[in-house]
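Protein sequence lines, in the order shown, are assigned to chains X and H. Counting with our numbering, you get residues 6 to 322 for the letters of the first sequence. Counting with our numbering, you get residues 7 to 507 for the letters of the second sequence. Cβ coordinates follow ideal geometry from the N, Cα and C atoms, glycine included. Predicted, not measured: the structure shown is a model, and the values here were computed from it.
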Amino acid sequence: MKIAYILGRLLSALPTLLILTFFVFISLHLVPGDVVDIMLGTQNYLSEEQVQDLYKEYGLDQPLIVQYVNWLKKIITFDLGTSLRTGDSVSRIISEKFPVTFELALISLIFSLIIGIPFGMISAVKRNKLPDYTFRVLGLIGLSAPAFWIGAIFIVIISSLFPDYLLFGYVPFSQDPLSNIQVMLIPAITLGLMIAAQVMRMSRNSMLDVLSQDYVKVAKAKGLKNKKVIFKHALRNALVPVVTTAGIQFGYLIGGTILIEKMFALPGMGRHLLQAVTQRDYPVVQGIVTFIGVMIVILNILVDILYSFIDPRIELK
Amino acid sequence: MMSKKLLIIALFVTMFLSIGFAASNDGQLKFGIDTDAEGFDPNQVTSFGSHRVLENIYESLLQYDQDMNLIPSIAESYETPDPYTVIFKIRENVKFHDGTDLTVEDVLYTFNRIMDPDYGSPAASYFSEVESIKELDGKRVEFKLKVPMVNALLLNFAGVNTSIVSKEFVEAGNNMQLKTNGTGPFVMDEYVAGNYITLKKFDDYYVNNVPKLSSIKFLIIPEEVSRIAALRNGDIDLVKVGEPLSLKMLQNKFTIYRQPTLSYYLIGINCDFGPFKNPLVRRALNYAINRENIIKMVSFGEGSVTGVMNPSVKAWAVQPSEFSEFTYNPKKAKELLAEAGYPNGFEFVITTASKYGFDKVAQVIQAQLSMVGIKATIDIVEWGIFIKKWKEIDFNAFVSLNGGSIEPDKQLYRTISTGGSTNKFNYSKAEVDNLLNEGRSAVDTAERKEIYNELQKILIEDSPIIFLYSPNNLFASQENVKDFAPKSNESLTSLKYVYFE
């Protein structure tokens, strides 16, 4: 039953993915300046003939629709093509860079949950008292302050106060776990703060909602201690929408790490996507965007399945 | 009890010792750069990032010394018996990184590869006038040209794109974009795209005691703030400084390197646009612009005014001080404008991108021009769009940065000849075309100097290009890094002499 559900969801996501890839394809090709223009820059060292040969080699002399269909034909066989700038296979690029982005997104998410959920819950329980006001103001700052600003502040503070802290020089987890965590920590916190603010608001609202439910009032009336009511009954129910929010946030994180990756020199997928767009490296942009799209679809499916496990009232259709 | 204490002391001592070892650099220089390499085939790639790495792995027939003079490299010596001919004597004890010997065969193979139209080397156009390349007595290679321009051609034998590759290695089917096999002081060790490139010392390099470092790790850190912080943190030993403002964060404790580049900021003018059709108007712009001011405001003083040829190229440059156009004189500007029929100035759009400070240069110019009644609006577009507009001459004027050269023909030919591939100024003058052609075929250096002097005078009078300034190339390092010396063509081949004190 679950399998049928998953397949059904995947199939229904196909038209969306198709529209997404087509839209990205067309926009990138219609923007002035193509991959050859940017390669040559303003130094223009190739003869006109050599330039035309390049266009032919990249298949850019074909009409746009033909190029798109060719790309579709390849992607059906999971062939994402090769980078026009480096000749590297796009799948290899993704397999090398996605783990970095994934790790960053994961640590950011974990951090945001560790901060956001307790703060949100406390806010709800101590509603309209000092802790609530404090956390809500902090949350507003976290939501409004731009990530690059927070990141820059962190860089300056950490490098001044802790000169020996390894801020730059990404090391894979498999090579040196401790250094890896050290390098990922500050960028993850920077990214996590923004998400934490959202998680906090969600937790607060959810908890407030639960606390106003009848069964909570009944539990209190029955004489159960407040703490027990909160931790044993209210919390679990309040967490449900938070879990789904977290799952969806994670999807956005996968696509939204560009700025942080750039600031902290992390060799992730986001930074590479930005570079590819600037260089009009069409196969790379198409490949990464499609990959992110598929990731988000899968994540949404997983979140819905998870949701159905947590809340037995939910039925997957 | 006593032995337990001893154990603890021993533990601490070991810990401190290992920290000491960890802190030592094992002769590896960590170099923070801003752009990644894009491919490693030396005869093919043009990316700046690739060149900075490849110039330490591969070598060409000639190279530049610190003063940008051409000196022997793979070629032990060379002679130019007549203006159509150059003969190189190939050095004998040079080895490729895979252990094989370099022979005349490899040199011939390399140039055939470069000139092969199916291969598409960016250097091919420089050798379009080569009639024949042949080997003489097994040790020398002779190039014969169709036209007498050997002097203008020589500098093309230096530089990454004419690096000598191994015939055997290429014919064995190795993917030159991914695998390297050069003759240079360093060997490619590891490449993790977007992250770092490590080179290690080539033990069989033909020069003794070179290189001094055991390895170099190029760390790719595109963001300026992050790169500078990495140096201050001690995470890296040497860094490329992109913004002069960053120098303020690097006082004391760090060595600063500044080297004027050959590149130059310019205002490119579309000579077909309204007021710019009149050369008097274009000339007037020179007087209305205060170049020293731009250098101060945009590059914090890290730059020097430049003319048609870079002033440091003493062999060819007519110094800017010899032209009144390089002295700020708004009164003279207004006079010229009035003479041209624009006593109340005019309006135009400066097209530019927000790279390398172009937009900042444009802003200063906008302010300066308004003082003589010229109203300039700035249109900042994305880099790809800027290139497109530049290509199609879809602008009134643009601000950009051009690469420069020590050779006047290379600096000027394509840029100001009628229909030249980088002549995006709608500029065409028969006299200029004639001088350009004479200059490249003249043999006698004194004769060439006269020709290019004349050319520079005409260009300043006509001003299809307003030459602004050359920025300084900036680097910073920890104090224990010694003998690093960037060159004005931005080459980093001094890395082979660098050592830690």
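Contact residues within the region 211 to 242 of chain H, judged by C-beta distance below 8 Å to chain X: Per Cβ criterion, the list reads L225, I226, I227, P228, E229, V231, S232, R233, A235, A236, R238, N239, G240, D241 and I242.
Touch test, the region 480 to 498 of chain H against the region 68 to 77 of chain H, Cβ-Cβ under 8 Å, three pairs minimum: yes
Decide if the region 253 to 272 of chain H is in contact with the region 188 to 200 of chain X; the criterion is three or more beta carbon pairs, one per stretch, under 8 Å apart. no
Just verifying my parser: in three-state terms, what is the DSSP assignment at R454/H? Within the second sequence, residue 454/H is the residue found at index 448, counting from 1. DSSP places R454/H in helix when its eight states are reduced to three.
Determine, using beta carbons only, whether K394/H and G38/X come nearer to each other than 8 Å. Reading the second sequence from its first residue, position 388 is the one you call residue 394/H. Reading the first sequence from its first residue, position 33 is the one you call residue 38/X. Result yes, Cβ atoms of K394/H and G38/X sit closer than 8 Å.
Nearest-angstrom Cβ-Cβ length linking V438/H and I422/H, presumed shorter than 8 Å: Within the second sequence, numbered from 1, the residue matching residue 438/H stands at position 432. Within the second sequence, numbered from 1, the residue matching residue 422/H stands at position 416. Yes, they are in contact, since the Cβ atoms of V438/H and I422/H sit about 6 Å apart, within 8 Å.
Determine contact between the region 224 to 237 of chain H and the region 250 to 263 of chain H, defined as no fewer than three beta-carbon pairs at a distance below 8 Å. yes
Take every Cβ of the region 71 to 80 of chain X, pair it with every Cβ of the region 248 to 257 of chain X, and state whether three or more of those distances are shorter than 8 Å. Note that the region 71 to 80 of chain X does not touch the region 248 to 257 of chain X; fewer than 3 beta-carbon pairs, one per stretch, sit closer than 8 Å.
Look at V59/H and A81/H and say whether their C-beta atoms are less than 8 Å apart. Locating residue 59/H in the second sequence gives position 53, where the first residue counts as 1. Locating residue 81/H in the second sequence gives position 75, where the first residue counts as 1. For V59/H and A81/H, no; Cβs fall outside 8 Å.
Tell me, please, whether the CB atom of K416/H is closer than 8 Å to any CB atom in chain X? Position 410 of the second sequence holds residue 416/H. Not closer than 8 Å to any Cβ of chain X, the Cβ of K416/H fails to qualify, so no.
For L327/X, would you say it is in contact with chain H, using Cβ-to-Cβ distances shorter than 8 Å as the test? Any question about residue 327/X goes unanswered here, given that chain X covers just 6 to 322.
CB contact below 8 Å: I319/X versus chain H: The residue labelled residue 319/X in the question sits at position 314 within the first sequence. I319/X is outside the set of residues whose beta carbon lies under 8 Å from a beta carbon in chain H.
Check each candidate in Q254/X, L271/X and G261/X and name the one with the smallest Cα separation from P228/H. Against the second sequence, residue 228/H aligns to sequence position 222. Nearest C-alpha to P228/H: L271/X.
Cut-off 6 Å between Cβ atoms - residues of its own chain near F103/X, not counting five sequence neighbours on either side: Locating residue 103/X in the first sequence gives position 98, where the first residue counts as 1. Closer than 6 Å at the Cβ level, and outside the excluded window around F103/X, lie M274.
Could I get the ranges of all uninterrupted beta strand (DSSP E) runs contained in the region 106 to 144 of chain H, with 3 residues as the minimum, in chain order? 136 to 142
Just to confirm, is the Cβ distance from R3/H to E331/H under 8 Å? Nothing can be reported for residue 3/H: it is not among the residues displayed for chain H, which extend from 7 to 507.
Would N276/H pass as an interface residue toward chain X - the criterion being a Cβ-Cβ separation below 8 Å? As a working note, residue 276/H is residue 270 in the second sequence. No, N276/H lies away from the interface with chain X (no Cβ there is under 8 Å from its Cβ).
Cross-chain neighbours of T428/H in chain X, by beta carbon under 8 Å: Translated into positions along the second sequence, residue 428/H becomes position 422. In chain order: T47, Q48 and N49.
Please report whether the beta-carbon of D93/X lies at a distance below 8 Å from any beta-carbon of chain H. Residue 93/X sits at position 88 when you count from the first residue of the first sequence. Closer than 8 Å: yes.
Can you name the start and end residues of the alpha helix (DSSP H) that T195/X belongs to? Reading the first sequence from its first residue, position 190 is the one you call residue 195/X. Counting along the chain, the unbroken alpha helix (DSSP H) around T195/X starts and ends at P182 to L216.
So with CB distances below 7 Å, who are the chain X contacts of E44/H? Start at 1 with the first residue of the second sequence, and residue 44/H comes out as number 38. Result: R90 and T91.
Label T52/H either buried or exposed according to how many other C-beta atoms from any shown protein chain fall within 10 Å of its C-beta, with 16 as the threshold for buried. In the second sequence, the residue the question calls residue 52/H occupies position 46. Label assigned to T52/H: buried.
Option in G313/H, V147/H, S411/H and I391/H with minimal Cα separation from Y84/H: Along the second sequence, one-based indexing puts residue 84/H at 78. Considering only alpha carbons, the answer is V147/H.
In DSSP terms, what V234/X is bridged to: Against the first sequence, residue 234/X aligns to sequence position 229. Looking at the DSSP assignment, V234/X forms no beta bridge with any residue, so it has no partner.
To the nearest angstrom, how far is it from the Cα of D124/H to the Cα of E62/X? On the second sequence, residue 124/H is found 118 positions in, with the first residue counted as 1. On the first sequence, residue 62/X is found 57 positions in, with the first residue counted as 1. Whole-angstrom Cα-Cα distance: 11 Å.
Selection of the region 104 to 115 of chain X by Cβ proximity to chain H, strictly under 7 Å: none
Taking C-beta pairs closer than 9 Å, name the residues in chain H that M268/X reaches, listed in chain order. For the purposes of this step, residue 268/X is taken as the residue at position 263 of the first sequence. Per Cβ cutoff of 9 Å: E229, V231 and S232.
Would you kindly check if the distance between the Cβ of G309/H and the Cβ of P477/H is under 8 Å? Walking along the second sequence from the start, residue 477/H turns up at place 471. Walking along the second sequence from the start, residue 309/H turns up at place 303. Closer than 8 Å, so yes.
Assuming contact is defined by CB atoms lying nearer than 8 Å, are T424/H and F392/H in contact in what I supplied? For the purposes of this step, residue 424/H is taken as residue 418 along the second sequence, with counting starting at 1. For the purposes of this step, residue 392/H is taken as residue 386 along the second sequence, with counting starting at 1. Contact flag unset, no.
The region 331 to 345 of chain H in contact with the region 397 to 416 of chain H per 3-pair CB rule at 8 Å: no
Determine the contact status of K145/H and I96/H, defining contact as a CB-CB distance below 8 Å. Residue mapping note: residue 145/H aligns to position 139 of the second sequence, counting from 1. Residue mapping note: residue 96/H aligns to position 90 of the second sequence, counting from 1. Contact: yes.
For Y138/X, the three-state DSSP class (helix, strand or coil): Counted from its first residue, the first sequence places residue 138/X at position 133. Looking at Y138/X - three-state DSSP - the assignment turns out to be helix.
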